[in-house]
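S.K.: Taken in order, the sequence shown gives residues 7 to 138; the numbers are from the working numbering.
Note that CB positions come from ideal geometry on N, CA and C, so glycine has one too.
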Amino acid sequence: MGTAENKELARRFIDAISKGDIDTIQRSFADDGTVWTIGTMPISGTFTKDQVAMASRRVLELFPKGLKITITGITAEDDRVAIEAVSKGTHSSGRDYANTYHFLMRARDGKIVEWREYMDTMHANDVLCGGD
Numbered sequence: 007m008g009t010a011e012n013k014e015l016a017r018r019f020i021d022a023i024s025k026g027d028i029d030t031i032q033r034s035f036a037d038d039g040t041v042w043t044i045g046t047m048p049i050s051g052t053f054t055k056d057q058v059a060m061a062s063r064r065v066l067e068l069f070p071k072g073l074k075i076t077i078t079g080i081t082a083e084d085d086r087v088a089i090e091a092v093s094k095g096t097h098s099s100g101r102d103y104a105n106t107y108h109f110l111m112r113a114r115d116g117k118i119v120e121w122r123e124y125m126d127t128m129h130a131n132d133v134l135c136g137g138d
């Protein structure tokens, strides 16, 4: 796959998150694909494809009106795609959630093999994890 196809994979994946399309989220990953999230929050660490699907279902519960992620910049080289994005949503607690991200995706054969997520962890922990 070339850089254009890899960028499209990243766009489809972000769109699936925004739509709550768990099937597309899960199908986007290679069987050995992982997601790594920065920080020491309860939602930080490295997660498998199946764990990502479970977490995606939880996001739907936490954001009943959806969590919209908008790409603000995207660059690709070889098997890597760098994505800048912002999110906006209302948490089930009624609190507003808006974060700024950098995602780094690595692809193989049209599937995500690695997704790395960088964000404002203090804000994420406060809203998503109750500050724990």
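Less than 8 Å between the CB atoms is what I'm expecting for cysteine 135 and proline 48, so what's the real figure, rounded?
M.R.: Numbered from 1 along the sequence shown, position 129 holds the residue referred to as residue 135. Numbered from 1 along the sequence shown, position 42 holds the residue referred to as residue 48. 5 Å between Cβ atoms; contact.
S.K.: Roughly how many angstroms lie between the CA atoms of glycine 72 and glycine 95, to the nearest whole one?
M.R.: Position 66 of the sequence shown, counted from the first residue, corresponds to residue 72. Position 89 of the sequence shown, counted from the first residue, corresponds to residue 95. Distance between the alpha carbons of glycine 72 and glycine 95 is about 6 Å.
S.K.: Grab me the residues of isoleucine 53's own chain with a C-beta within less than 8 Å of its C-beta, minus the 5 sequence neighbours each way, in chain order.
M.R.: Mapped onto the sequence shown, residue 53 falls at position 47. Note that residue 53 is phenylalanine in the sequence shown, not isoleucine. Thr40, Val41, Trp42, Thr43, Ala61, listed in sequence order.
S.K.: Given a threshold of 16 other Cβ atoms within 10 Å of its Cβ, counted over all protein chains shown, does leucine 66 qualify as buried or as exposed?
M.R.: Mapped onto the sequence shown, residue 66 falls at position 60. Counting Cβ neighbours within 10 Å, leucine 66 comes out exposed, since fewer than 16 surround it.
S.K.: Could you name the residues of the same chain whose beta carbon sits closer than 6 Å to that of valine 58, not counting the 5 residues immediately before and after it, in chain order?
M.R.: Mapped onto the sequence shown, residue 58 falls at position 52. Contacts found: Val41.
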